Amino acid sequence: MKRLQAYKTKLVLNNVERTWCLRCSGAARWCFNWGLDAMQKAYAEGRKTSALAEKRRLNAVKDNEAAWLRDLPYTVLQAAFNNLKSAYKNFFSRVKQGGGKPGFPKFKSRRNASQSFNVRGGISVTETHIKLPRIGWLRLMEHGYLPTAKDIRILSATVSSDDHGATWYVSVQTEQEVPEPALATGNPIGVDLGIKSLAVLSDGTVYDNVRPLQGAERKIKRLSRELARRHKGGSNWLKTKAKLNRAHAKARNVREHYLHQISAETVAKHPRAIVMENLNVEGMKANHCMARAIADLGMFELRRQIGYKSAWNGSQFILADRWYPSSKTCSRCGAIRDEMSLAERTFVCPDCGFVIDRDLNAARNLAALA
């Protein structure tokens with residue numbers, strides 16, 4: 160089987176290399192905006208066009224309109240139009256689905272803290288460096304993390320920054336031919352997600368909610384007030400904006416690391432099946448009292464990680480029905496309670512008198528579905 164896997168690590172750049180990255184991300188942004196503007200004008204004039212057609216048109220007039228693009232990797236331009244194509248495709252998919260605003264593609268701003276570009280071909284990796292076309296060899300912060308085996312094919316590399324170009328990361332998309340994983344034979348595991356404890360497994364393992372955003376809330380509030388006092392677009396405003404972005408990035412990195420830890424440890428038990436609830440996370444966020452806490456959990460990301468890691472390790476991944484009463488059902492006798500408020504943290508069976516933690520009871524019921 161072919162396994163697609165991405166590896167992301169931090170880059171150590173000097174001023175020349177950082178300038179190269181800023182030029183490439185600026186070229187990607189310019190090409191995206193150029194194509195989006197051309198497609199909007201074509202629609203207003205009643206002409207049919209596409210991202211591919213506009214890319215060909217830019218290639219024909221590039222020497223007159225943007226000769227500086229010749230100095231940069233061509234795949235940067237190509238990836239920008241591919242992103243534009245995906246943006247339109249996703250927009251029309253949301254229109255067909257209906258419900259809410261579909262979100263038409265928007266122009267990208269140089270003021271945005273997040274900047275990125277994608278390159279393909281001519282990519283080489285060593286223990287300490289990565290080589291990108293035209294840019295050359297770049298140093299890696301983490302040595303020995305990116306794969307260097309000959310049987311691993313590097314498809315593309317995405318270089319990104321989320322703090323106005325102060326810090327840069329590279330994400331390498333790889334493809335590897337691996338043998339089909341042997342089917343896992345361990346006991347099924349149910350995973351119950353919640354706010355009090357992020358995840359409770361049916362074997363009794365409990366993962367507390369680290370609340371990374373709540374931990375950084377004091378600093379984020381202070382920087383937000385400082386940003387409001389600055390003149391928008393000024394040098395001091397940009398400095399404060401960069402600090403605020405780094406604070407959010409730190410909270411996000413803590414959350415992602417914790418979710419990877421939970422998913423890796425769960426799959427490492429080699430269960431025959433892993434069962435989770437198909438929660439409507441966006442619907443849960445509609446409750447303004449719980450929206451921030453739910454957004455800080457990363458429930459959907461945890462479900463995604465356990466899903467693909469289960470496939471890698473030979474475990475079956477099962478999503479329980481959204482309306483399955485896992486919290487109201489007795490894991491011993493199967494009796495179902497009519498009502499149970501969120502404040503009740505202990506489940507007491509009305510039939511057999513069984514007493515158990517609410518989340519552990521739900522996890523055991525989910526495991527029983529396997």
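First residue of the sequence shown: 160, per our numbering; consecutive thereafter.
No residue lacks a Cβ here, since even glycine has one placed at the ideal position from N, Cα and C.
Note that the structure is a prediction, hence the values are computed from the model and not measured.
>> Which complete beta strand (DSSP E) runs does the segment 263-290 hold, if anything under 3 residues is left out?
In response: 274-278
>> Report the start-end ranges of each alpha helix (DSSP H) in the segment 455-501 that is 4 residues or longer and not cut off at the edges.
In response: 458-471
> Going by DSSP, what residues sit across from arginine 298 in a beta bridge?
Replying inline: Here residue 298 corresponds to residue number 139 of the sequence shown, with the count starting at 1. Bridge partners of arginine 298: Val171 and His288.
>> Using the Cβ count rule (16 or more neighbours within 10 Å means buried), how would you classify arginine 523?
In response: Your numbering for residue 523 matches position 364 in the sequence shown. Arginine 523 is buried by the Cβ-count criterion.
>> Closest to glutamate 339 by C-alpha separation, out of Ala527, Asn520 and Arg162, would be which residue?
In response: Looking up residue 339 in the sequence shown gives position 180. Among Ala527, Asn520 and Arg162, the Cα nearest to that of glutamate 339 is on Arg162.
> Do you know whose CA, among Ala423, Ala432 and Arg188, lies nearest leucine 243's CA?
Replying inline: Against the sequence shown, residue 243 aligns to sequence position 84. Looking at the Cα atoms, Arg188 is the closest of the given residues.
> Since serine 474 contacts arginine 431 with CB under 8 Å, what's their CB separation in whole angstroms?
Replying inline: As a position in the sequence shown, residue 474 is number 315, starting the count at 1. As a position in the sequence shown, residue 431 is number 272, starting the count at 1. The pair is a contact, with the Cβ atoms about 7 Å apart (cut-off 8 Å).
> What separation, rounded to the nearest whole angstrom, lies between the Cα atoms of cysteine 489 and leucine 438?
Replying inline: Here residue 489 corresponds to residue number 330 of the sequence shown, with the count starting at 1. Here residue 438 corresponds to residue number 279 of the sequence shown, with the count starting at 1. Each residue's alpha carbon lies about 20 Å from the other.
> Quick one: is alanine 239 buried, meaning 16 or more other Cβ sit within 10 Å of its Cβ, or exposed?
Replying inline: For this step, residue 239 is matched to residue 80 along the sequence shown. So alanine 239 counts as buried.
> Using DSSP with H/G/I as helix, E/B as strand and the rest coil, what is valine 337?
Replying inline: Within the sequence shown, residue 337 is the residue found at index 178, counting from 1. Coil, per DSSP.
>> I need the DSSP call for proline 430, collapsed to helix, strand or coil.
In response: Within the sequence shown, the letter at position 271 stands for residue 430. In the structure shown, proline 430 sits in a strand (DSSP, three-state: E or B).
> Straight-line CA distance for threonine 234 to glycine 324?
Replying inline: What you label residue 234 is simply residue 75 of the sequence shown in a count that begins at 1. What you label residue 324 is simply residue 165 of the sequence shown in a count that begins at 1. Going from the Cα of threonine 234 to the Cα of glycine 324 covers about 20 Å.
>> Considering only the alpha carbon of each residue, which of Ala186, Arg451 and Gly280 lies closest to isoleucine 313?
In response: The sequence position of residue 313 within the sequence shown is 154, counting from 1. Of all alpha-carbon atoms in Ala186, Arg451 and Gly280, the one lying nearest the alpha-carbon of isoleucine 313 is that of Gly280.
> In three-state DSSP terms, what is isoleucine 453?
Replying inline: The residue given as residue 453 occupies position 294 in the sequence shown. If DSSP states are grouped into helix, strand and coil, isoleucine 453 belongs with the helices.
>> Residues in the same chain with beta-carbon distance under 8 Å from leucine 181, minus the five sequence neighbours each way, listed in chain order, please.
In response: Counting from one through the sequence shown, the residue named residue 181 turns up at place 22. Contacts found: Gln274 and Gly324.
> Based on the DSSP output, what are the partners of isoleucine 311 in its beta bridges?
Replying inline: One-based indexing of the sequence shown puts residue 311 at position 152. Paired residues: Gln335.
>> Buried or exposed for glutamine 420, going by 16 or more other Cβ atoms inside 10 Å?
In response: Residue 420 sits at position 261 when you count from the first residue of the sequence shown. Its Cβ having fewer than 16 others within 10 Å, glutamine 420 is exposed.
> Taking the DSSP output, what are the residues bridged to glycine 345?
Replying inline: Position 186 of the sequence shown holds residue 345. DSSP lists Pro430 as partners of glycine 345.
> According to the Cβ coordinates, are proline 261 and arginine 270 closer than 8 Å?
Replying inline: Taking the first residue of the sequence shown as position 1, residue 261 is located at position 102. Taking the first residue of the sequence shown as position 1, residue 270 is located at position 111. Against a cut-off of 8 Å, the Cβ pair of arginine 270 and proline 261 comes out as no contact.
> Hey, would you say histidine 407 sits closer than 8 Å to isoleucine 453, going by beta carbons?
Replying inline: Counting from 1 along the sequence shown, the entry for residue 407 is found at position 248. Counting from 1 along the sequence shown, the entry for residue 453 is found at position 294. No, the Cβ-Cβ distance between histidine 407 and isoleucine 453 is not below 8 Å.
> CB alanine 186 to CB leucine 228, shorter than 8 Å?
Replying inline: Sequence index remark: in the sequence shown, residue 186 carries index 27 (1-based). Sequence index remark: in the sequence shown, residue 228 carries index 69 (1-based). Taking 8 Å as the Cβ cut-off, alanine 186 and leucine 228 qualify as a contacting pair.
> If you check the beta carbons only, do valine 359 and isoleucine 433 fall under 8 Å apart?
Replying inline: Taking the first residue of the sequence shown as position 1, residue 359 is located at position 200. Taking the first residue of the sequence shown as position 1, residue 433 is located at position 274. No. Outside cutoff.
>> Is the beta carbon of threonine 168 closer than 8 Å to that of methionine 300?
In response: The residue labelled residue 300 in the question sits at position 141 within the sequence shown. The residue labelled residue 168 in the question sits at position 9 within the sequence shown. Yes, these two residues count as a Cβ contact at 8 Å.
>> Taking the beta carbon of glycine 457 as the centre, do at least 16 other beta carbons fall within 10 Å, making it buried, or is it exposed?
In response: For the purposes of this step, residue 457 is taken as the residue at position 298 of the sequence shown. By the 10 Å Cβ count, glycine 457 comes out buried.
>> Quick check: what's the CA-CA separation for alanine 502 versus isoleucine 354?
In response: The sequence position of residue 502 within the sequence shown is 343, counting from 1. The sequence position of residue 354 within the sequence shown is 195, counting from 1. Each residue's alpha carbon lies about 12 Å from the other.
> Since tyrosine 304 sits in a beta bridge, which residues does DSSP pair it with?
Replying inline: Mapped onto the sequence shown, residue 304 falls at position 145. BP columns for tyrosine 304 are empty, so no partner.
> Can you pull the DSSP bridge partners for lysine 161?
Replying inline: Position 2 of the sequence shown, counting from 1, holds the residue named residue 161. Under the DSSP definition of a beta bridge, lysine 161 partners with Glu336.
> Relative to the alpha-carbon of valine 331, which residue among Gly512, Ala165, Thr505 and Ala527 has its alpha-carbon at the smallest distance?
Replying inline: Taking the sequence shown and counting its residues from 1, the one referred to as residue 331 is at position 172. Considering only alpha carbons, the answer is Ala165.
> Considering only the beta carbon of each residue, do glutamine 464 and serine 422 sit closer than 8 Å?
Replying inline: Taking the first residue of the sequence shown as position 1, residue 464 is located at position 305. Taking the first residue of the sequence shown as position 1, residue 422 is located at position 263. Contact flag set, yes.
> CB-CB under 6 Å to serine 319, same chain, minus the five flanking residues each way: which ones, in chain order?
Replying inline: Taking the first residue of the sequence shown as 1, we reach residue 319 at position 160. Cβ within range, chain order: Ser275 and Tyr328.
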